[in-house]
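In this note's numbering, the protein residues as written are 8 to 179. Everything below concerns the one structure shown next.
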């Protein structure tokens, strides 16, 4: 999937550069921050998954100390129940905070990148539309560019998704 997405991305970039070389670089430049942002998100999700695993293991330990018939007597005798409960609650709260922070950053970053792409895309299509009206560009080139630019965005999303999945699987 990575190879086919990469090939499609390069082919579409070639079509876009052939039709409109200068404005196409703006579209390509929007893709670089998108790739970097998705790479960072994959790393952040991996760290959160590791934290969740640690919290789940400690939670199982705390639960066994609080509920196991063999451990209840010693836990009660030493007065450890409130301490174990606080530690478990604190670790769960920390993981939930990290997840919420990552989700917020993902939402804001996704919106910023999408707005940047749409603004660049609109500028490019607007300039080309003006060129069609001035008859310095034929309508067929305009439509071909528009379709190739939209497919470029979809291919970039597919490539980022594939790379993100590959990176995620290599981290685990």
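Even glycine gets a Cβ: it sits at the ideal position worked out from N, Cα and C. Computed from a predicted model, the values in this text were never measured in an experiment.
Supposed close pair residue i, residue j - CB separation, criterion 8 Å
i          : j           : result
residue 23 : residue 156 : 6 Å
residue 91 : residue 69  : 5 Å
Status (buried if at least 16 other CB within 10 Å, exposed otherwise) for residue i
i           : result
residue 177 : exposed
residue 147 : exposed
residue 14  : exposed
residue 38  : buried
residue 115 : exposed
residue 26  : buried
Residue j beta carbon less than 7 Å from that of residue i
i           : j           : result
residue 52  : residue 169 : no
residue 166 : residue 12  : yes
residue 162 : residue 30  : no
residue 33  : residue 127 : yes
residue 73  : residue 88  : yes
C-beta neighbour in chain D for residue i, strict 7 Å
i          : result
residue 76 : Protein chains in the displayed structure number just one, and chain D is not present.
Which runs of the alpha helix (DSSP H) spanning at least 4 residues fall entirely within the segment 92 to 129, listed in chain order?
none
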